[in-house]
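Residue numbers (UniProt numbering): 1 to 510.
Even glycine gets a Cβ: it sits at the ideal position worked out from N, Cα and C.
Note that this is a predicted model, so its numbers are computed, not measured.
Beneath this line is the structure, given in structure tokens, with notes to follow.
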Amino acid sequence: MESELLLSSARKSRKAVIRKSVLHHSKKSPKEVSPSPSPSLSSQSKNSFSVSNQDTNSQEYLENLIRKLFSNPNVKLTNKTDLQDFLPALTSSQDVDIQTYALIGLFLRQFVMGWYPRISHDTSMEFMGELLGVVAHITRNLQQRCQRIDWSKLLLDELPVVLESHVSAIRTSKSRRGSRLSSSRATVASPGCDWYDDPDWTADFLELNSHFAIDQNDAYLERLYCTVLSRSIVCLLVPVEELDSQLSQKLITAIMNDLVLRNVVENLSDSFAIWGIINKVCDIGIDRLGKKNAKRQSLGERLISVGRMVGHLIAYTTSLFSIWPSPGDDDHIKSVLEYSIFSFLACLFEIPVVSPMLYMLLTTLKAYGIGLSRVSHILNNLIHNFIYQVIITESNVITCVSVLRRMMFPKDQTFDMGQRWVPQSNEELIRFRQKTRDNVTRLMEVLPSSNLIAYLVEVNADSVEMFLESLQNKTVNKVLLWSLLDLLLVSIFPELSTYTATDIENHSLT
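Written out as structure tokens, the structure is:
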């Protein structure tokens with residue numbers, strides 16, 4: 001009874017206008033138009049949809065899946081029903097909306113419809129319609145915020161700073177191990193354990209590159225930080241009028257806190273999880289490069305390929321020179337040659353130590369290129385086009401949502417992430433690390449200009465092994481993940497770096 005009163009008061013407190021009409025067309029006569037209930041998840045569709053032989057990513061399949069998931073007991077949705085007539089737009093792309101609604105529908109049916117009908121007599125499923133309206137507002141707000149981000153600067157200038165600081169702290173703390181500079185002041189390293197398992201090394205690393213959410217003696221601090229961060233994000237994403245509803249606020253905060261932030265950090269901080277991602281990337285790269293190297297082109301195919309390449313080069317060069325800067329226009333724009341990606345790569349491969357002459361030459365060329373404004377302008381346009389035409393694209397977003405849906409709901413029916421693989425012994429963990437090392441070295445061998453890469457930087461099995469070992473400490477990995485999440489979230493929500501959590505929750509953003 002108390003839950004029903006809470007739901008009733010939550011619905012009455014909402015002031016946002018949400019699309020609740022289904023199949024209302026202006027061509028219908030007044031007799032044909034009737035009050036249409038909100039879109040809802042049909043409990044009858046829980047096991048009624050089976051995967052056929054058709055492509056599960058085709059538009060026809062996804063539209064039929066969405067119709068079955070969001071069918072209303074009072075309205076029959078046919079195959080001719082336009083989804084835009086009864087579901088609010090999530091983004092500016094209809095293709096992204098279709099993939100996202102398929103995932104949202106499966107998610108809500110699994111985790112909300114399992115308990116909501118038991119505590120409420122809301123036969124019209126008004127709450128589900130309002131919840132979809134809130135989700136639509138969140139996704140549109142998130143899209144607008146992401147469009148304001150300079151992804152070139154974020155990926156090539158700000159992200160490498162975090163990574164370089166992490167790599168430098170690992171190497172410095174490793175060199176301090178067993179010396180008077182160690183935090184334990186022990187002149188001998190801890191016997192019987194590797195450097196990445198040594199508590200003294202972990203303490204030294206945290207002194208050099210810590211995160212205020214990580215404290216080896218207080219695990220509650222991380223949970224508290226995650227909760228406060230989730231509340232702030234929800235307050236910035238959800239409309240102010242919706243925050244008056246305790247139900248919506250707590251539900252979305254719980255999803256953000258438990259299913260997103262804590263789940264990502266806790267699972268990805270395991271070394272074998274990171275190695276698994278590296279393995280998959282290497283397998284994909286080896287497969288694609290292997291097929292490309294195995295395919296031998298005839299003379300005619302080579303001529304056609306060269307002609308196509310020249311055509312692309314001309315078109316691309318035209319786009320680069322289409323907007324030529326006038327004197328003084330680029331004074332406030334940071335040149336791509338000044339981005340920290342180059343400093344990070346030099347630190348990662350230890351170029352100043354391994355190849356000091358090469359490092360001096362590259363530094364000189366970099367300084368000379370920065371002084372040429374037109375060269376900097378061409379490079380800036382080149383990088384910008386690559387980021388927004390190859391990486392940050394609509395097709396990649398669709399692929400990510402589709403992969404997430406197949407991962408969580410393999411047959412588009414019930415939630416099944418499968419049992420997470422966990423090494424049962426230290427020997428099994430070492431074998432998996434060695435497998436990852438072999439995959440990385442194999443990928444380096446099939447890369448184009450692999451001989452040049454091997455000559456410029458020292459990349460061998462031992463250096464790869466050392467790099468993989470640096471990922472074996474869960475606490476250190478958590479510091480990196482939280483630092484990366486902070487960078488991403490502050491870029492999306494600049495208010496997090498300007499206002500306190502109390503100001504954000506009280507809507508005192510002035």
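Just the C-alpha distance for residue i and residue j, rounded to the nearest angstrom, thanks.
i, j, result
"Ser43", "Met113", "Since pLDDT at Ser43 reaches only 49, below the 50 mark, its modelled position is unreliable, and no value is offered."
"Asn64", "Asp412", "12 Å"
"Ser45", "Gln94", "Because the pLDDT at Ser45 is just 46, under 50, the model does not fix this residue reliably, and the point stays unresolved."
"Thr502", "Arg231", "10 Å"
"Thr100", "Tyr388", "21 Å"
"Glu469", "Gln110", "39 Å"
"Phe344", "Gln143", "30 Å"
"Glu465", "Gln434", "8 Å"
"Phe86", "Ile98", "13 Å"
"Asn279", "Asp204", "30 Å"
"Ser269", "His121", "43 Å"
"Ile392", "Val422", "33 Å"
"Arg442", "Phe272", "19 Å"
"Asp438", "Pro199", "29 Å"
"Tyr196", "Arg180", "19 Å"
"Leu156", "Val162", "11 Å"
"Ile104", "Thr475", "33 Å"
"Asp462", "Val440", "11 Å"
"Ser168", "Val403", "34 Å"
"Phe127", "Ala254", "17 Å"
"residue 523", "Val401", "Coverage of the chain is limited to positions 1 through 510, which leaves residue 523 absent and any answer about it impossible."
"Ile378", "Val390", "18 Å"
"Thr364", "Lys334", "18 Å"
"His24", "Ile284", "Caution is warranted here: a pLDDT of 35 is assigned to His24, below 50, making its placement in the model unreliable, and the coordinate value is therefore given only provisionally. So the two alpha carbons sit approximately 47 Å from each other."
"Asn460", "Ser355", "15 Å"
"Thr414", "Glu266", "24 Å"
"Ser71", "Leu62", "14 Å"
"Phe467", "Gln59", "43 Å"
"Leu154", "Val397", "18 Å"
"Asp436", "Cys282", "Note on identity: in this sequence residue 436 is Thr, with Asp being the wrong assignment. Computed Cα separation, rounded: 9 Å."
"Leu83", "Ile170", "52 Å"
"Phe432", "Gly133", "45 Å"
Tell me which residues share the same chain as residue i and place their Cβ nearer than 7 Å to its Cβ, disregarding the 5 neighbours each side in the sequence.
i, result
"Thr227", "Asn257"
"Ile504", "Ser232, Cys235, Leu236, Glu495"
"Asp215", "Leu221"
"Gln147", "none"
"Val135", "Ile104"
Excluding the 5 residues flanking residue i on each side, which residues of the same chain have their C-beta closer than 6 Å to its C-beta?
i, result
"Asp416", "Pro410"
"Ile383", "Ser152, Val336"
"Ser497", "Val490"
"Gly369", "Leu337, Val375"
"Pro160", "Ser340, Ile341, Phe344"
"Leu429", "Pro423"
If you measure between the beta carbons of residue i and residue j, is that distance less than 8 Å?
i, j, result
"Glu350", "Val96", "no"
"Ser483", "His137", "no"
"Asn426", "Thr202", "no"
"Ile66", "Ala102", "yes"
"Arg145", "Phe493", "yes"
"His166", "Asn217", "no"
"Ile277", "Leu471", "no"
"Arg140", "Thr91", "yes"
"Met348", "Val446", "The amino acid occupying residue 348 in the given sequence is Leu; Met does not appear at that position. Contact flag unset, no."
"Val238", "Ile252", "yes"
"Leu69", "Arg405", "no"
"Ser175", "Glu207", "no"
"Ala367", "Tyr359", "no"
"Leu487", "Glu158", "yes"
Please confirm whether residue i has its beta-carbon closer than 8 Å to some beta-carbon of chain B.
i, result
"Glu394", "Although the question refers to chain B, the structure presented lacks it and comprises just one protein chain."
Can you find the residues in the same chain that come closer than 8 Å, C-beta to C-beta, to residue i, ignoring five residues on each side of it along the sequence?
i, result
"Ile149", "Ser491, Ile492"
"Arg177", "Ala189, Trp195, Asp198, Asp200, Trp201, Asp204"
"Asn477", "Leu268, Ser269, Asp270, Ser271, Ile274, Leu471"
"Val479", "His166, Phe205, Leu206, Asn209, Ser210, His211, Ile214"
"Ile286", "Asn439, Arg442, Leu443, Val446"
In chain order, each alpha helix (DSSP H) run of at least 4 residues that lies wholly inside the region 353 to 404: 356 to 371, 373 to 386
Ordered list of alpha helix (DSSP H) runs contained in the region 85 to 147, each at least 4 residues: 94 to 111, 116 to 119, 126 to 147
Complete runs of the beta strand (DSSP E) confined to the region 173 to 258 [at least 3 residues]: none
Completely contained alpha helix (DSSP H) runs for the region 255 to 284, where each covers 4 or more residues: Taking only runs of at least 4 residues, the alpha helix (DSSP H) segments lying wholly in the region 255 to 284 are 262 to 268.
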